[in-house]
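The block underneath contains the structure these notes are about, expressed in structure tokens.
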Amino acid sequence: MTAHRLPNGGRVDRAAPVRFTYDGKRYTGLRGDTLASALIANGVLEVAPSSYRGRPRGIVTAGVDEPNALVLVDGSLLPATTLELHDGLSATGRSGVGRLTDSTDSVRHDKRYVHCDVLVVGGGPAGLAAAQAAGRTGARTILADERTELGGTLLATKGFDLSWPGLAEFPETRVLSRTTAVGYYDQNYVVLAQRNTLWHVRAKRVVLATGAHERPLVFADNDRPGVMLASAVREYVNRYAVAPGQNVVLATTNDSAYQVALDLIAAGITVSAIVDSRPEPPAALVNQVGVEVITGSAVTGTEGRHRVSAVHIGPDRSIPCDLLAVSGGWNPAVHMFSQAQGRVRYEERIAAFVPDTCPQDLEVVGAANATYELAACLAEGAAAGARAAHLAGFGGGTAPELPPVPAESDSAHRPVWMVEGDETLQFIDLQRDSTVADIRRATGAGLRSVEHVKRYTTVGTGLDQGRTGGVPAIGVIAELLGASSPGEVGTTTYRPPYTPVSFALLAGRDRGELHDPIRRTAMHSWHVAHGAVFEDVGQWKRPHHYPRAGEDAQAAVLRECTAARTGLAMMDASTLGKIEVQGPDAGEFLNRMYTNAFAKLAIGSCRYGMLCRADGMVFDDGVVLRLAEDRYLTTTTTGNAAAVLDWFEEWQQTEWPELRVRFTSVTEQWATIAVVGPGSRAALTPLLPDLDLSAAAFGFMTFRDTVLCNGVPARVARVSFSGELAFEINVATWHGLSTWELVANTGATPYGTETMHVLRAEKGFVIVGQDTDGTVTPQDLGMDWIVSKRKDFVGRRSFSRPDTARPDRRQLVGLLPVDPDDLLPEGAQLVAGGVPLTPPVPMLGHVTSSYRSAALGRTFALALVAGGRDLIGRELLAPLGNRVITATVTEPIFYDPEGTRRDG
Amino acid sequence: MSAVLPEHPEFLWRNPDPRRSYEVVIVGGGGHGLATAYYLARNHGITNVAVLERGWLAGGNMARNTTIIRSNYLWDESAAIYEHALKQWEALPEELDYDFLFSQRGVLNLAHTPQDVREGVRRVNANQLNGVDAEWLNPDQVKEFCPIVDISPGVRYPVLGATLQPRAGIAKHDHVAWAFARTADEHGIDLIQDCEVTGFLRDGDKILGVQTTRGPIMADRIGLAAAGHTSVLAGLAGLRLPLQSHPLQALVSELLEPVHPCVVMSNHVHVYVSQAHKGELVMGAGVDPYNSYAQRGSVHVIERQMAAALELFPIFARAHVIRTWGGIVDVTPDASPIIGATPLANLFVNCGWGTGGFKATPASGWVYAHTLATGRAHPLNEPFALERFTTGALIDEHGAAAVAH
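Going down the list, the protein sequences come from chains A and B.
Numbered per full-length UniProt numbering, the first sequence spans residues 1 to 904.
Numbered per full-length UniProt numbering, the second sequence spans residues 1 to 405.
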């Protein structure tokens, strides 16, 4: 045992030494220690110097409110006061600033989502009583407590039997230790951080037993190592059996410090004096403690270099000591309550902000509710726990019997916000190194709001978010502004998280491949096996092209294009969104959504349709199949499938609930293979024995339900996004791969999205989102024909606005670079010839799609150009930094304008 | 030792009681209201002005944004006003004699899909032709500019490139507001806090003044500049504005040694992050989708944002969130602001800045001051008139970028 480890007592395991390193030096502590208590056991009280002024600093607290003793462990900045000691722990003291390192983070973080009847936050006396009262009714109860052991202040209370609640006997009660409630959201949605697990709890009732934080006192050199919260001193002595000092002065504004004095004396530590701000502290306490009590007084300063050696009480009195234990009163930990949108009020008797009203189904008990006497805490907790369970449907609401506890006193406090002395040394926020002088400067600058003072001084913005310095700052502001009380100044807003939460814990498993689900089609393995290069389209992985040996992307795409135009090619089109629209009013609904009409579409037919937003701008497009009188299958672009489904649902649910129509996403249920090219009919004939594939028997824009030669049911549609003869085979997803292989065996060349893009662009077919950007009407695309003049639909009204009739709107046109080998970059801006290229240069539009075409033997592009259709035949310039490409405006259709190829 | 912030001035502003009447009353003491007051004095010599704030000055979105300043917007109208703002930003620290830590460290907008690339290239080309500094970077150049970005092809959405605006950056938001406020106060403009507007004094379709919790105040012209609450205020005058208000959350980490040299934004994986002067990482993401005036949001939005951050910056894994909060962004149908006259005489609005409000602060003040001083739009805010929602002449930054922070 070291000189600082007390010979007996404490909740540490004296048989289990733990070796650790701090700032490069080796030490030994005991199992059950925190890093802070182990350091104290080794006589280390001083930690890293302060962040801005480089002043010596020491351990101040024994919990989450620690402002000074921050350490870096495995790249994480943590308070030494909450860090469990473990063998091999290596910590470096830090002046409030972390350092991120590139080391791999191999720890897995998880999320859990649970419901419960009663959530009790805090496992101190009130919380234990609440959990016991709720748990014994059979209510699903969760008790969350931030420490390694339940008990809260009872851990530092001698002679209390902590096994009393018997929570393990309640099968529906779950105890979560090392678990901090960090966020309280609406409808009793509470987020708990437990090491590497983030719990999302939805509770019928919540009991907050979050305790209270002791406040420091503000006086000159109050930041010197050896100035420690009285409750922390007690905890170190009683719970960890370490002595932070041998000769202690206590400074207090309330009764709680007297129990600390008694415990110190019992541990053999000298208490030289108690400095009490109250002129007449309770005589019983003064008599019981038996040391000098200096009443009506306050500490005004300290002496020492790296450690307190004496305290000053006014100019005339100085008391030697090696530890000053301070209690400036207690702040109920109202953080969770405030996050729950509870309001606090200032309570003069105890000089603290206490819970008032709250809109959520919760109760606050114990010290968090400014109930500081043990018996009252237990009674309040038990009553609230029983009531919460009852309101959740369990038990009669009667609180159980409680163990007897000794009486405690909590007579009126007398806060000390400001004392005489050098205000530049009177620290309010130790992390931010801000002082009373800073606050005086802020109020002198004209600031009246606590929020302004916080921002001016940065008080309360450190890692502890003002848990220690917040209320003292408010007290000082109130005094400086002459306010009637700190209540008039009010608090800043309490925000989640209550204690710091690592990015990794919040991210959980949503990293790497799981960051966003990867969607793969039924044919994905084939694409991989055949060397496809993939691109991300929405969440899908789609083959972009299939390079053969020695081919680059350009060569592969040209080859794939040639196959589709001259022979036989195939593409996996499974990713297109598919929504079944069912119900007697399905046709009417689609009529209202699409710019063109669907109510009279014949069963067995398909029609291309366009969707606009309310502003008349193109939103999505796709082919719609009529399956039955009351049943349609709509297709969407790959990336927009969810947005279109949402769009349908929103209009149906909010605008037209009377329409009998329902929507079901069937994207994943179908595998789709586009078989394209002049050879497609011949190739498919043996595969589709029951179908007559001739143009006369199976017309363009119709579909057939049939059975493939291998017995697989299929829906075959004659649609084409390439202008070539094409058949789209749809089968159930689980037949996708085998059907794909069946088609591939015909010798069809597989092609990817890039070839699909080239083929459609040669035909002037737009891709929504590439050739449109939310500012383009169907008319701008030259698609007036798709906009019904007879029916109403979403967006129609916008077409009557003056701006949509402007002749100089940006319109879809084609572009042919004057040099047929010049490829315009997509995104190139277009300007008129002869315009000086000094900014600002008036822009006419931009290139939306640009490719090399095998069929045309040259490059070509699509563009949106102001008044573009009137510019056909003219030349435009694309300035590209150090070069300019000249291109001729054309019709946006480059290949087979008569449409002669689609029937083969 | 940590980076020390510059000291604030000894004096910021008076705390006057409201007078009975002013030439101009600005409702809303946020960044835009304060900048407007300043430019009324500076550009138009109008100092008989009150700024009415129901809470504390600059306590709304000005105190809650992620302080990013850039002007690389797509459309000419947007680029013009944001570039005007950026030029003002460059001059303001000296002009206002206030070091608000304007740092032109460059903003990267990452591209993760071929469509992102097209849009990025398009924007870079448009910016360059509009005289806005912009470059397109390939992934290696991204890595060079911001070494902590993970550009490996193994991530879920690999970085395919980025736009860079070198002159873009960040500034300390509170300090900016206080710089405007202090100078406005010096010009004799009354900044009146704890003064909520509860109604309008009117004569038919002519607005004569405002009713407030501190009494009636008459004014020749009244300019609303209350972000999402502008629609609530306009509602008191019977005017409906096309605004939707959403919570937008942001967060900070603990102080960290310098690790992130610039600003990185990604619309596709949805996060934007910089490291402030003190050392904290400042981050934001997309809006909470529901409408709300509550300045807080949902935890899952924060979780997704953290996941996105770790996709781009694996080194952030062990950083901690120490504070989250929400602002309220007021979004118009085209995600561009409304600045100008209303159908009610003497009543003007400046709202709908969505996620662009902070960076626009100086230009917003500049053109709104012009509008309030002359009764007519400045050429820069002419396209942003309320009428565009009737004519259809939208400036759609939504379509150009789903999230236009």
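Backbone N, C-alpha and C define an ideal beta-carbon position, used for all residues, glycine too.
Residue interval of the alpha helix (DSSP H) (run including residue i)
{"i": "K454 (chain A)", "result": "450-457"}
{"i": "S298 (chain B)", "result": "Note, S298 (chain B): premise wrong, no alpha helix (DSSP H); not H, not E."}
{"i": "Q669 (chain A)", "result": "No alpha helix (DSSP H) holds Q669 (chain A); DSSP gives it neither H nor E."}
{"i": "S338 (chain A)", "result": "335-339"}
{"i": "M571 (chain A)", "result": "Per DSSP, M571 (chain A) belongs to no alpha helix (DSSP H); it is in the beta strand (DSSP E), 569-572."}
{"i": "Y39 (chain B)", "result": "31-44"}
{"i": "E875 (chain A)", "result": "It is not in any alpha helix (DSSP H) - E875 (chain A) instead sits in the beta strand (DSSP E) that spans 875-880."}
{"i": "I395 (chain B)", "result": "Where I395 (chain B) is concerned, there is no enclosing alpha helix (DSSP H), given that its DSSP letter is neither H nor E."}
Any C-beta of chain A under 8 angstroms from that of residue i
{"i": "S298 (chain B)", "result": "yes"}
{"i": "R156 (chain B)", "result": "yes"}
{"i": "Q115 (chain B)", "result": "yes"}
{"i": "M306 (chain B)", "result": "yes"}
{"i": "P9 (chain B)", "result": "yes"}
{"i": "A404 (chain B)", "result": "Legend: pLDDT at A404 (chain B) = 36, less than 50; position of this residue unreliable, no value from coordinates given."}
{"i": "A309 (chain B)", "result": "yes"}
{"i": "H270 (chain B)", "result": "no"}
{"i": "I151 (chain B)", "result": "no"}
{"i": "W56 (chain B)", "result": "yes"}
{"i": "R214 (chain B)", "result": "no"}
Nonlocal neighbours in the same chain, by C-beta distance under 8 angstroms from residue i, ignoring five residues either side
{"i": "P400 (chain A)", "result": "Q132, A133, R136, A382, A386"}
{"i": "W325 (chain B)", "result": "R64, Q249, A250, L251, Q295, R296"}
Cβ-based neighbour list, residue i, same chain, cut-off 6 angstroms, excluding 5 preceding and 5 following
{"i": "Y189 (chain A)", "result": "R202"}
{"i": "D896 (chain A)", "result": "G723"}
{"i": "A556 (chain A)", "result": "H545, P547"}
{"i": "Y184 (chain A)", "result": "V190, M336, Q339, A340"}
{"i": "A573 (chain A)", "result": "T672, A674"}
Closer than 8 angstroms to chain B by CB, residue i
{"i": "Q360 (chain A)", "result": "no"}
{"i": "L645 (chain A)", "result": "no"}
{"i": "Y851 (chain A)", "result": "no"}
{"i": "Q652 (chain A)", "result": "no"}
{"i": "A828 (chain A)", "result": "yes"}
{"i": "M843 (chain A)", "result": "yes"}
{"i": "Y52 (chain A)", "result": "yes"}
{"i": "M1 (chain A)", "result": "Here M1 (chain A) scores only 45 on pLDDT, less than 50, and its place in the model should not be relied on; the value that follows carries that caveat. Cβ-Cβ to chain B under 8 angstroms: no for M1 (chain A)."}
{"i": "F663 (chain A)", "result": "no"}
{"i": "S449 (chain A)", "result": "yes"}
Range of the contiguous beta strand (DSSP E) that encloses residue i
{"i": "Y113 (chain A)", "result": "110-121"}
{"i": "W178 (chain B)", "result": "No beta strand (DSSP E) contains W178 (chain B), which is instead part of the alpha helix (DSSP H) from 173-186."}
{"i": "I729 (chain A)", "result": "726-732"}
{"i": "N109 (chain B)", "result": "107-111"}
Proximal chain B residues relative to residue i, where beta-carbon distance stays under 7 angstroms
{"i": "V97 (chain A)", "result": "S2, L255, L256, E257, G279"}
{"i": "E588 (chain A)", "result": "The contacting residues do not exist; E588 (chain A) stays about 27 angstroms from chain B at best."}
Closer than 7 angstroms at the beta carbon, the chain A residues around residue i
{"i": "H398 (chain B)", "result": "G774"}
{"i": "G238 (chain B)", "result": "The contacting residues do not exist; G238 (chain B) stays about 23 angstroms from chain A at best."}
{"i": "R14 (chain B)", "result": "G446"}
{"i": "P333 (chain B)", "result": "D615"}
Close beta carbons around residue i, own chain, < 7 angstroms, minus the five adjacent residues each side
{"i": "A402 (chain B)", "result": "Confidence at A402 (chain B) is low in this model, with a pLDDT of 38, below 50, so its placement is unreliable and the value that follows should be read with caution. Here the set comprises N267."}
Under 8 angstroms from the C-beta of residue i: neighbouring residues of chain A
{"i": "G392 (chain B)", "result": "D615, G616, S798, R801, P802, D803, T804"}
9 angstroms Cβ cut-off: residues of chain A touching residue i
{"i": "T324 (chain B)", "result": "G183, R495, P496, P497"}
Proximal residues of chain B, C-beta to C-beta of residue i below 8 angstroms
{"i": "G151 (chain A)", "result": "Going along chain B, no residue has its Cβ under 8 angstroms from G151 (chain A), so there is no contact; the nearest lies around 27 angstroms."}
| query | Should the stretch 8-22 of chain B be called in touch with the stretch 42-55 of chain B, which here means at least 3 C-beta pairs below 8 angstroms? | reply | yes
| message | Under 8 angstroms, with one C-beta from each stretch per pair, do the stretch 268-282 of chain B and the stretch 468-488 of chain A reach the 3-pair mark? | response | no
| Inter-stretch contact (C-beta, 8 angstroms, three-pair minimum) for the stretch 555-571 of chain A and the stretch 846-856 of chain A | yes
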